[in-house]
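In my numbering, the protein residues as written are 19 to 166. A virtual CB, placed ideally from N, CA and C, is assigned to each residue, including glycine. Since we're looking at a predicted model, the values are computed, not measured. Down below is the structure, laid out as structure tokens.
Right, here's the structure in full:
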């Protein structure tokens, strides 16, 4: 094989490897939990939030830090369609959360009052396996969050 042919073949192999690596990286980032640029997204204008009930009242929120510390917030009222589990916790505590760009967009709370972990929640004793912004508790209900 000629030297020039080997050189061209080597360049093609390197180019293919770089293209494959770039494709894998882009695929990973497009399927990740918030590493995409969604800078135009706003919970305030999200149609899913606007379709939530306008008000919820007399809610109870229990936060179990699984270390003996339990916080309880009673008679919490939510309004202006900010009535999801996410809004309930956000109104009572300092939170951090991850946004998953699924349909619908889902917020998973990852830290409450500085304690990071796998936070899960129940409404009226029923485990909810979805993002906190996708469900609105009923009036007079009890929501309990616990970290694992």
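Inset, instruction - Count the other CB atoms, across all protein chains shown, that sit within 10 Å of the CB of residue 101; report buried if there are 16 or more and exposed otherwise. - result: Residue mapping note: residue 101 aligns to position 83 of the chain shown, counting from 1. Buried.
Inset, instruction - Flag this pair as touching only if the segment 71-81 and the segment 157-164 have three or more C-beta atom pairs under 8 Å; answer yes or no. - result: yes
Inset, instruction - Give a single yes or no on whether residue 137 has its beta carbon closer than 8 Å to a heavy atom of the ligand COA. - result: With respect to the ligand COA, the structure offers nothing, as it holds no ligand at all.
Legend entry - Beta-ladder partner(s) of residue 68, from DSSP: If you number the chain shown from 1, residue 68 lands on position 50. None, per the DSSP bridge assignment.
Legend entry - Helix, strand or coil at residue 24 according to DSSP, with G and I counted as helix: For the purposes of this step, residue 24 is taken as residue 6 along the chain shown, with counting starting at 1. In this structure, residue 24 counts as helix in the three-state DSSP scheme.
Legend entry - Other residues of its chain near residue 83: CB distance less than 7 Å, five sequence neighbours each side excluded: The residue given as residue 83 occupies position 65 in the chain shown. Closer than 7 Å at the Cβ level, and outside the excluded window around residue 83, lie 133 and 165.
Inset, instruction - Please name the residue, chosen from 99, 147, 111 and 107, that lies closest to residue 63 on a Cα-to-Cα basis. - result: Taking the first residue of the chain shown as 1, we reach residue 63 at position 45. It is 99.
Legend entry - Cα-Cα separation between residue 117 and residue 108, rounded to whole angstroms: Translated into the one-based positions of the chain shown, residue 117 becomes position 99. Translated into the one-based positions of the chain shown, residue 108 becomes position 90. Approximately 15 Å between the Cα atoms of the pair.
Legend entry - residue 106 vs residue 161 beta-carbon contact at 9 Å: Position 88 of the chain shown, counting from 1, holds the residue named residue 106. Position 143 of the chain shown, counting from 1, holds the residue named residue 161. Cβ distance < 9 Å, so residue 106 and residue 161 count as in contact.
Inset, instruction - List the whole-angstrom C-beta distance separating residue 152 from residue 129, where the pair is believed to meet the contact cut-off of C-beta under 8 Å. - result: By one-based count along the chain shown, residue 152 stands at place 134. By one-based count along the chain shown, residue 129 stands at place 111. Wrong, their Cβ atoms sit about 19 Å apart, outside the cutoff.
Legend entry - Proximal residues to residue 111 (C-beta, below 7 Å), its chain only, five neighbours per side dropped: As a working note, residue 111 is residue 93 in the chain shown. Correct list, in chain order: 81, 130 and 131.
Legend entry - Check whether residue 93 and residue 66 have beta carbons under 9 Å apart: Here residue 93 refers to the residue found at position 75 of the chain shown. Here residue 66 refers to the residue found at position 48 of the chain shown. Result no, Cβ atoms of residue 93 and residue 66 do not sit closer than 9 Å.
Inset, instruction - Determine the burial state of residue 114: buried for a count of at least 16 other Cβ atoms within 10 Å of its Cβ, exposed for fewer. - result: Sequence index remark: in the chain shown, residue 114 carries index 96 (1-based). Per the 10 Å Cβ criterion, exposed.
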